[in-house]
Amino acid sequence: MDINKYSPKFKIKQNDLLRVSDLSTEDIFELLYTAKVFKKKFKVGENSPVLRGKTIALIFGNASTRTRVSFEMGIRQLSGDYLFLPKNETQLARGESIRDTAVMLGRYGISALVLRAFTDAQVREFADCCEIPVINGISDSAHPLQILSDLFTIWEVKGRLDNLKIAYIGDGNNVANSLIIGCSKVNMDVTIASPHGYSPAKEIIDRASQFSNVLITDNVAEAVKDADIVYTDVFISMNDEDDELKKKKLARYRVTKEVMSLAKEDAVFMHCMPAHRGEEVMADVIDGPRSIVYDQAENRLHMNKAALTLLVH
Ligand code: CP
Numbered sequence: 444m445d446i447n448k449y450s451p452k453f454k455i456k457q458n459d460l461l462r463v464s465d466l467s468t469e470d471i472f473e474l475l476y477t478a479k480v481f482k483k484k485f486k487v488g489e490n491s492p493v494l495r496g497k498t499i500a501l502i503f504g505n506a507s508t509r510t511r512v513s514f515e516m517g518i519r520q521l522s523g524d525y526l527f528l529p530k531n532e533t534q535l536a537r538g539e540s541i542r543d544t545a546v547m548l549g550r551y552g553i554s555a556l557v558l559r560a561f562t563d564a565q566v567r568e569f570a571d572c573c574e575i576p577v578i579n580g581i582s583d584s585a586h587p588l589q590i591l592s593d594l595f596t597i598w599e600v601k602g603r604l605d606n607l608k609i610a611y612i613g614d615g616n617n618v619a620n621s622l623i624i625g626c627s628k629v630n631m632d633v634t635i636a637s638p639h640g641y642s643p644a645k646e647i648i649d650r651a652s653q654f655s656n657v658l659i660t661d662n663v664a665e666a667v668k669d670a671d672i673v674y675t676d677v678f679i680s681m682n683d684e685d686d687e688l689k690k691k692k693l694a695r696y697r698v699t700k701e702v703m704s705l706a707k708e709d710a711v712f713m714h715c716m717p718a719h720r721g722e723e724v725m726a727d728v729i730d731g732p733r734s735i736v737y738d739q740a741e742n743r744l745h746m747n748k749a750a751l752t753l754l755v756h
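Here my numbering is used: the first residue of the sequence shown is 444, the next is one more, and so on.
Now the structure itself:
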């Protein structure tokens with residue numbers, strides 16, 4: 444399906460946004476078109492008060508710059524209110540159940556929950572326990588809003604989504620999982636170069652392969668050949684222990700200028716950030732002319748507003 448031939452209805456079929464794999468291609472396009480409207484409005488200083496009278500709870504279990512600020516600013520720009528709740532400062536940290544927490548928040552008039560750094564099972568439990576929409580702001584195996592923002596960024600920069608090739612280089616983490624599923628659902632070819640033992644889960648690859656061509660390799664040159672987009676992420680994810688052996692194995696998967704030169708001449712570089720220059724990517728790539736990382740980061744704002752608008756009624 445070609446996004447440029449799609450007529451948006453500005454509606455999605457989901458009540459929650461937990462994983463990209465729950466979304467149909469149509470739902471993804473609806474979110475992208477809605478983000479496009481919000482970005483256009485933002486650029487001319489126009490806002491829509493669609494969250495007036497609504498309060499969104501942000502329950503965060505780890506540090507965040509982009510996810511937190513883009514939600515807080517997005518909610519303000521939509522005339523809504525938010526409660527930022529560090530998980531450790533709630534009774535969840537002392538063992539209170541997800542059900543009791545979720546039901547209570549709904550009774551206090553909270554209109555949606557954004558969860559950060561819960562397990563997939565906990566995110567699902569929140570969604571099952573409460574009537575209000577639940578949005579996954581990163582879990583152990585998924586980062587859906589990041590990837591929806593990335594698809595929006597690719598659409599802006601390349602003018603289309605289908606028949607592009609994306610090469611993901613490095614650790615098969617939660618960002619990689621959501622990226623593979625999201626890109627395959629919009630008909631992009633996906634290649635992943637990871638060392639043995641660090642590839643994304645087989646279940647993810649099998650699912651993505653139902654939608655588009657997906658290749659797993661340990662060879663960076665093979666992965667980036669003819670790629671329109673080269674994407675990487677940190678070698679050690681935020682809640683993981685530092686692991687020297689893993690970093691050593693992944694060192695060959697660093698994105699350098701030489702790696703970029705093997706991709707298409709107009710290939711762009713993406714990273715969900717925060718980045719470690721000199722580790723998974725060299726500074727002359729992420730700070731160079733092919734990098735679109737700040738567009739990606741900015742688009743988190745517009746995509747969060749799209750998700751909130753389509754989910755919160
Ligand atoms: N990409 C991302 O989720 O950034 P933060 O960790 O700063 O929220």
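Just so you know, even glycine gets a beta-carbon here, dropped at the ideal spot from N, CA and C.
Quantities reported herein were computed from a predicted structural model and do not represent experimental measurements.
Helix, strand or coil for M713? Go by DSSP, reduced to three states.
Strand, per DSSP.
Measure the alpha-carbon distance for F569 versus S507 and round it to whole angstroms.
21 Å
So, are the CB atoms of I499 and S554 less than 8 Å apart?
yes
Look at the Cβ atom of E473, then the Cβ atom of L753, and state whether they are nearer than 8 Å.
yes
With a floor of 4 residues, list each alpha helix (DSSP H) that falls wholly inside the region 569-623, ordered by position along the chain.
587-601
So does the region 727-744 actually touch the region 587-601, counting three or more Cβ pairs closer than 8 Å?
yes
Flag this pair as yes or no: are the beta carbons of P643 and G615 separated by less than 8 Å?
yes
If we count the other Cβ atoms within 10 Å of its Cβ and call it buried at 16 or more, is H714 buried or exposed?
buried
Quick one: grab the DSSP three-state call for I502.
strand
Whole angstroms are fine: how far does the CA of K448 sit from the CA of D683?
42 Å
Between N656 and the rest of its own chain, which residues show a CB-CB distance below 6 Å, the 5 nearest in sequence each way excluded?
D632
Please report the residue range of the alpha helix (DSSP H) in which D459 lies.
First-last for D459: undefined, no H or E at that position.
Which residues bound the alpha helix (DSSP H) around I647?
Counting along the chain, I647 sits inside the alpha helix (DSSP H) bounded by residues K645 to S652.
Under 8 Å, with one C-beta from each stretch per pair, do the region 686-699 and the region 709-727 reach the 3-pair mark?
Cβ pair count under 8 Å is three or more, so yes.
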